[in-house]
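The sequence shown runs 37 to 244 under the working numbering.
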Amino acid sequence: MKTTQKQLIQRIVLAVVIIGGGIWLWHDVIQDRVIPKRWGCVEQGAIYRSGKLSAALIERTLKKNNIQVIVTLTGEKPGDPDHVAEIQTAEKLDIELLRFGLGGDGTGDIENYAQAITAIVQAKKEGKAVQVHCAAGSQRTGGVIACYRLLVKSDPKEDVLREMRSYDWDPQDNPKLVPYVNENMHTLATRLVELGVLESVPDPLPLL
Numbered sequence: 037m038k039t040t041q042k043q044l045i046q047r048i049v050l051a052v053v054i055i056g057g058g059i060w061l062w063h064d065v066i067q068d069r070v071i072p073k074r075w076g077c078v079e080q081g082a083i084y085r086s087g088k089l090s091a092a093l094i095e096r097t098l099k100k101n102n103i104q105v106i107v108t109l110t111g112e113k114p115g116d117p118d119h120v121a122e123i124q125t126a127e128k129l130d131i132e133l134l135r136f137g138l139g140g141d142g143t144g145d146i147e148n149y150a151q152a153i154t155a156i157v158q159a160k161k162e163g164k165a166v167q168v169h170c171a172a173g174s175q176r177t178g179g180v181i182a183c184y185r186l187l188v189k190s191d192p193k194e195d196v197l198r199e200m201r202s203y204d205w206d207p208q209d210n211p212k213l214v215p216y217v218n219e220n221m222h223t224l225a226t227r228l229v230e231l232g233v234l235e236s237v238p239d240p241l242p243l244l
């Protein structure tokens with residue numbers, strides 16, 4: 037009886053380990069090579085957002101969505117296969133690749149926010165579908181898209197925050213992003229006026 041119980045416990049433990057390992061393998065290894073990481077539509081046929089696409093998915097995903105401009109918010113990673121694949125695929129498909137690097141929490145040089153938003157607006161004016169992405173598709177992408185929605189589209193703050201959360205931004209995990217955006221919003225709006233994106237600085241100034 038004791039032997040049978042021991043074997044049962046061993047089998048249960050083994051099953052738990054296998055299931056746990058399978059879940060880890062799916063989330064950390066397989067998922068992003070099967071499904072484009074946090075791919076989403078900001079404006080149908082015009083603006084898309086995501087995390088970094090794997091080398092296995094990038095060409096078909098860009099073709100499927102007719103992407104003609106890529107705005108990446110990541111830095112240079114020459115040895116990374118997905119980074120290399122993005123550069124090579126952009127060249128192959130004649131896609132304009134623009135890089136405006138930010139920190140992993142979405143903070144950094146506010147000028148890169150201004151340039152990224154300007155590139156998005158310009159692509160839309162030219163009728164070119166644009167993909168905006170960072171590594172995970174949550175913090176940097178979330179910050180830039182939030183500012184685009186607030187300043188360019190005049191979307192309600194509640195809708196913007198809801199979208200940020202839906203792409204896994206969490207104020208407890210990343211408490212720096214919202215204060216950074218709010219502290220720099222006037223500077224960003226002023227710069228967008230200078231770049232011809234906005235006619236004037238909004239009054240009142242939208243904040244998160």
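Note that beta-carbon positions come from the ideal geometry of N, C-alpha and C, so glycine has one too.
Open item on the list: So, at 6 Å on beta carbons, what are the nonlocal neighbours of residue 105 in its own chain, with the 5 sequence-adjacent residues on each side left out?
Closed with: 132, 159, 164 and 166
- [ ] Might you give, ordered along the chain, the residues of its own chain that have their beta carbon closer than 8 Å to the beta carbon of residue 193, omitting 5 neighbours on each side?
- [x] 186, 242, 243 and 244, listed in sequence order.
Open item on the list: Which residue wins for smallest C-alpha separation from residue 234, given the options 157, 101, 203 and 148?
Closed with: Selected option, being the one with the closest Cα: 157.
- [ ] Could you check what DSSP says for residue 131 in three-state terms: helix, strand or coil?
- [x] Residue state, collapsed to three classes: coil.
Task: Span separating the alpha-carbon of residue 77 from that of residue 188 - done: 17 Å
TODO: For my contact list, residue 216 and residue 140 are in at a C-beta cut-off of 8 Å; report their separation, rounded to the angstrom.
DONE: Not quite, the Cβ-Cβ distance comes to about 13 Å (not below 8 Å), so this is no contact.
Task: Complete runs of the beta strand (DSSP E) confined to the region 88-133 [at least 3 residues] - done: Listed in chain order, the beta strand (DSSP E) elements of length 3 or more contained wholly in the region 88-133 are 103-108.
TODO: Flag this pair as yes or no: are the beta carbons of residue 138 and residue 85 separated by less than 8 Å?
DONE: no
Task: 7 Å Cβ shell around residue 173 - same chain, five flanking residues per side excluded - done: 73, 74, 85, 86, 87 and 203
- [ ] Following the continuous alpha helix (DSSP H) through residue 162, name the residue where it begins and the one where it ends.
- [x] Here residue 162 belongs to no alpha helix (DSSP H), and DSSP marks it neither H nor E.
Task: Alpha-carbon to alpha-carbon, residue 150 and residue 224 - done: 6 Å
TODO: Output yes if chain C places a C-beta closer than 8 Å to the C-beta of residue 162; else output no.
DONE: Looking at the structure shown, chain C is missing, and only one protein chain is on hand.
Open item on the list: Buried or exposed for residue 227, going by 16 or more other Cβ atoms inside 10 Å?
Closed with: buried
Task: residue 79, DSSP secondary structure in three states - done: strand
Task: Any non-hydrogen atom of the ligand MG closer than 7 Å to residue 218 Cβ - done: With respect to the ligand MG, the structure shown offers nothing to examine, as it has no ligands at all.
Open item on the list: Less than 6 Å between C-beta atoms, sequence neighbours within five positions excluded: which residues of the same chain meet that for residue 68?
Closed with: Caution applies to residue 68, whose pLDDT of 45 falls short of 50 and renders its modelled position unreliable; the value that the coordinates give is listed next. For residue 68, where only same-chain residues beyond five positions count, the Cβ hits under 6 Å are 90.
TODO: Indicate whether residue 153 and residue 180 have their beta-carbon atoms separated by less than 8 Å.
DONE: yes
Task: Separation of residue 213 from residue 112, as counted between CA atoms - done: 22 Å
Task: Supposed close pair residue 110, residue 170 - CB separation, criterion 8 Å - done: Indeed they touch by this definition, with Cβ atoms about 6 Å apart.
- [ ] Measure how close the beta-carbons of residue 108 and residue 135 come, nearest whole angstrom, since I'm counting them as under 8 Å.
- [x] 5 Å
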